[in-house]
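Working notes for the structure below.
In my numbering, the protein residues as written are 7 to 188.
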């Protein structure tokens, strides 16, 4: 384990958890191929209580491999709200808070794609949407396993269950584990 990286990650997690001014966002998606959209989104408070926990009727088709992982199909999501319907609720849930996401780079790309399909890309500029903080990056640094191209090897989310709310709660457990290291 890389003790300097471990200490930095622990410091970050302790500071985050002590402030309680953050939310954890997680989602399930239509897959990995562009265009990609959400099929489920959850935003949880620091205690793991849901501020948002909903399925979404996606615009892009759901890839068969993704459906095997999360269990959603076009038919099971037919009566779910669209991203456009829940977008204002997501904005309200994250406004003024730090947003922590496991694999933030990927999920922010999906979020930006969804917003692009709304024609509201301009809302992403400025101070309204906070930067997303990547719990996976910090956890990877904490674990300290060297990556093939430098840096740290990405780590799978321990305890995740492939549901948005379950993965929010698993992310919170990772934050607590990282913070406990002195």
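Even glycine gets a Cβ: it sits at the ideal position worked out from N, Cα and C. These figures come from a predicted structure and were not determined experimentally.
Grab the span of the beta strand (DSSP E) containing residue i for me, first residue to last.
{"i": "residue 95", "result": "Per DSSP, residue 95 belongs to no beta strand (DSSP E); it is in the alpha helix (DSSP H), 89-100."}
{"i": "residue 103", "result": "No beta strand (DSSP E) holds residue 103; DSSP gives it neither H nor E."}
Output the boundary residues of the alpha helix (DSSP H) element that contains residue i.
{"i": "residue 40", "result": "Careful: residue 40 lies outside any alpha helix (DSSP H) and carries neither H nor E."}
{"i": "residue 119", "result": "110-124"}
{"i": "residue 17", "result": "9-25"}
{"i": "residue 146", "result": "141-149"}
{"i": "residue 72", "result": "70-76"}
Determine which residues share a DSSP beta bridge with residue i and list them.
{"i": "residue 48", "result": "32 and 59"}
{"i": "residue 152", "result": "158"}
Can you tell me which of the options puts its alpha carbon nearest to the alpha carbon of residue i?
{"i": "residue 64", "options": "18, 104 and 79", "result": "79"}
{"i": "residue 163", "options": "25, 156, 172 and 155", "result": "172"}
{"i": "residue 42", "options": "66, 98 and 51", "result": "66"}
{"i": "residue 59", "options": "113, 86 and 116", "result": "86"}
{"i": "residue 145", "options": "71, 180 and 170", "result": "180"}
{"i": "residue 169", "options": "160, 108, 140 and 152", "result": "108"}
Since residue i and residue j should fall inside the 8 angstroms C-beta cutoff, what is the C-beta to C-beta distance between them, to a whole number of angstroms?
{"i": "residue 175", "j": "residue 54", "result": "5 angstroms"}
{"i": "residue 46", "j": "residue 76", "result": "7 angstroms"}
{"i": "residue 147", "j": "residue 11", "result": "4 angstroms"}
{"i": "residue 49", "j": "residue 99", "result": "4 angstroms"}
> What alpha helix (DSSP H) runs, 4 residues minimum, are completely inside the stretch 155-186?
Replying inline: Runs found: 170-185.
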